[in-house]
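One structure is given below, encoded as structure tokens.
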Amino acid sequence: MSGVRYPAGWRVDLLTKSHNRKTFQSGQEQVDSWLKRSALQSQMKHLSSTKVLLDEESRIIGYYTLASSQVDFSDLPIDVAKSLPKRQLPVAVLAWLGVDSTAQGRGIGSRLLANALRDCHEASQTFAFIAVILDCVDAPAKAFYQRFDFAELPGYPMRLYLPFKLLEKLANN
Ligand SMILES: CC(C)(COP(=O)(O)OP(=O)(O)OC[C@H]1O[C@@H](n2cnc3c(N)ncnc32)[C@H](O)[C@@H]1OP(=O)(O)O)[C@@H](O)C(=O)NCCC(=O)NCCS
1170 MSGVRYPAGW
1180 RVDLLTKSHN
1190 RKTFQSGQEQ
1200 VDSWLKRSAL
1210 QSQMKHLSST
1220 KVLLDEESRI
1230 IGYYTLASSQ
1240 VDFSDLPIDV
1250 AKSLPKRQLP
1260 VAVLAWLGVD
1270 STAQGRGIGS
1280 RLLANALRDC
1290 HEASQTFAFI
1300 AVILDCVDAP
1310 AKAFYQRFDF
1320 AELPGYPMRL
1330 YLPFKLLEKL
1340 ANN
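Here you go:
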């Protein structure tokens, strides 16, 4: 997972108002709308942070948004919860991820996901959490994440999690 590679001349930046968000289209309305209307405001309120993948002409090719949250111990699978205190527990949240439809199917989504998980792992050295969780916007998105070891949270069919142990394993690959 270390050192995610993109095509030459592409770069990953923290979202700022100088980035042109108008042209981004992933084919999923909620994913597009978040980037266009909410991501920057949410970042300015310190609720989440969004990174954009830019091509050589600074066009947004993809993005992801990370945040933090808590899950209740009782919502975790028994094997994950068994050694943990019975209370609300900190988690990292992969809130959004999208790739422009012109660039889909070329491994960009996988690399952005690896980038997001690398950020989570780095952050965990300072702010600990027990898992990365995400809510899938639809069934195809769920299928995408399940390819990368995310598992369903019992009782929440569209909520997936990656336990910290697996995140660490990925980070050390
Ligand atoms: C889901 C999404 C991020 C994938 O990005 P991408 O750049 O096309 O993905 P990749 O090219 O890295 O594909 C990685 C693997 O996942 C598979 N995959 C990609 N999209 C998939 C989907 N919708 N359903 C099932 N599998 C999918 C690919 O076939 C590929 O498998 P392979 O390695 O065996 O070829 C992109 O399609 C997208 O932005 N969709 C709309 C927004 C969205 O749903 N975001 C996720 C929820 S917030």
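1170 is the number of the first residue of the sequence shown in our numbering; add one for each residue after it.
Every residue, glycine too, gets a C-beta built ideally from N, C-alpha and C.
**Request:** Could I get the ranges of all uninterrupted beta strand (DSSP E) runs contained in the region 1201-1238, with 3 residues as the minimum, in chain order?
**Result:** 1218-1223
**Message:** If distances are taken between C-alpha atoms only, which option among Ile-1247, Arg-1256, Ser-1237, Gln-1273 comes closest to Leu-1303?
**Reply:** Ser-1237
**Prompt:** The alpha helix (DSSP H) spanning Leu-1336 covers which residue range?
**Reply:** 1333-1340
**Message:** Within 8 angstroms, do at least three Cβ pairs link the region 1223-1235 to the region 1268-1282?
**Reply:** yes
**Message:** Please state the DSSP three-state secondary structure of Ala-1283.
**Reply:** helix
**Asked** Does the count of Cβ pairs from the region 1215-1229 and the region 1181-1200 closer than 8 angstroms reach three?
**Response** yes
**Message:** Following a CB-centred definition, is Gln-1194 positioned closer than 7 angstroms to any heavy atom of ligand 1?
**Reply:** no
**Request:** May I ask you to report which of helix, strand or coil DSSP gives Ile-1302?
**Result:** strand
**Among Ala-1300, Ala-1310, Pro-1332, Leu-1336, the one whose alpha carbon lies nearest that of Pro-1326** = Ala-1310
**Request:** Alpha carbon to alpha carbon, how far is Ala-1340 from Ala-1308? Give it in angstroms, no decimals.
**Result:** 27 angstroms
**Message:** Applying the 10 Å Cβ sphere with the 16-neighbour rule, what's the burial state of Ala-1160?
**Reply:** Examination of residue 1160 is not possible in this model, given that the chain is present from 1170 through 1342 alone.
**Request:** Flag Ile-1277 as yes when its Cβ comes closer than 7 angstroms to any non-hydrogen atom of ligand 1, and as no otherwise.
**Result:** yes
**Message:** Considering just the uninterrupted stretch of the alpha helix (DSSP H) at Gln-1315, what are its terminal residues?
**Reply:** 1308-1315
**Request:** Specify, as a first and last residue, the run of the beta strand (DSSP E) that Ala-1264 falls within.
**Result:** 1257-1268
**Message:** What would DSSP say about Asp-1248, mapped onto helix, strand or coil?
**Reply:** helix
**Item:** Close-in-space but distant-in-sequence residues of the same chain around Ile-1229 (CB under 8 angstroms, 5 per side omitted)
**Value:** His-1188, Asn-1189, Arg-1190, Thr-1192, Phe-1193, Leu-1204, Val-1221, Leu-1222, Leu-1223, Asp-1269
**Asked** So the beta strand (DSSP E) Ala-1320 belongs to, where does it begin and stop?
**Response** 1320-1322
**Prompt:** Going by the C-beta, is Trp-1179 closer than 7 angstroms to any heavy atom of ligand 1?
**Reply:** no
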